[in-house]
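Residue numbers (this note's numbering): 234 to 435.
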């Protein structure tokens with residue numbers, strides 16, 4: 234027998250040596266368990282009520298997917314949905330979840346990154362911020378951070394327009410305009426942000 238061939242005695246234990254993974258016990262569908270999940274999530278991320286609802290529903294689904302009794306699974310799912318809604322009401326009253334606060338913080342960050350109002354609207358709605366809060370927060374933000382400021386932030390961050398070496402500006406003009414157009418800015422705003430000096434910026 235070749236010395237590289239494994240004998241049955243040596244080969245057999247190989248599969249048994251692998252440690253069996255401990256299976257996690259499914260989460261119980263209780264107010265306390267859901268509170269722990271929610272508070273752990275909020276400790277790491279700010280979230281809208283809609284986003285937190287999705288996270289919690291996903292945890293309930295995972296906890297119930299191996300339940301063989303359909304009636305039991307359905308009853309537990311309905312209980313989970315009720316507990317989640319009650320929790321979200323409690324968290325809203327206590328300020329742990331505040332869609333308006335989330336939107337204001339997000340808008341500030343998006344403006345500094347150079348996002349257009351249209352792009353910000355889409356991102357906030359994707360996060361589950363209600364339309365009325367989106368409109369209100371964007372209207373409030375216009376005084377401090379107007380659309381031109383956002384466009385200039387993008388130009389500065391991406392080193393477009395006047396931030397390019399002078400000899401390259403004309404060659405990249407259309408490409409730079411395209412960058413701002415795809416970000417949701419109008420042609421006139423894009424032109425201003427790219428070609429007009431920032432008087433107050435230094």
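Beta carbons: idealized from backbone N, C-alpha and C, even for Gly.
So residue i and residue j are in contact, right, with Cβ under 8 Å, and what is the actual spacing, rounded?
i: residue 274; j: residue 293; result: Not a contact, Cβ separation roughly 14 Å.
i: residue 333; j: residue 300; result: At roughly 38 Å, the Cβ-Cβ gap does not stay under 8 Å, so residue 333 and residue 300 are not in contact.
i: residue 384; j: residue 347; result: 7 Å
i: residue 281; j: residue 362; result: 6 Å
i: residue 326; j: residue 382; result: The pair is not a contact, with the Cβ atoms about 36 Å apart (cut-off 8 Å).
Rounded to whole angstroms, what's the CA-CA distance from residue i to residue j? Just pull it up for me.
i: residue 283; j: residue 366; result: 13 Å
i: residue 355; j: residue 297; result: 33 Å
i: residue 342; j: residue 261; result: 37 Å
i: residue 364; j: residue 401; result: 42 Å
i: residue 429; j: residue 409; result: 14 Å
i: residue 406; j: residue 426; result: 12 Å
i: residue 270; j: residue 359; result: 22 Å
i: residue 295; j: residue 302; result: 15 Å
i: residue 272; j: residue 331; result: 14 Å
i: residue 310; j: residue 277; result: 26 Å
i: residue 396; j: residue 380; result: 19 Å
i: residue 352; j: residue 267; result: 33 Å
i: residue 399; j: residue 423; result: 18 Å
i: residue 421; j: residue 414; result: 10 Å
When we look at the beta-carbon of residue i and count the other beta-carbons within 10 Å, is it buried (16 or more) or exposed?
i: residue 313; result: buried
i: residue 336; result: buried
i: residue 286; result: buried
i: residue 418; result: buried
i: residue 437; result: Only positions 234 to 435 of the chain appear in the structure, and residue 437 is not among them; the question remains open.
i: residue 386; result: buried
i: residue 349; result: buried
i: residue 404; result: exposed
i: residue 324; result: buried
i: residue 236; result: At residue 236 the pLDDT is 49, less than 50, meaning the model places this residue with poor confidence and gives no usable figure here.
- Counting Cβ pairs closer than 8 Å, one from the stretch 391-399 and one from the stretch 308-325, do we hit at least three? no
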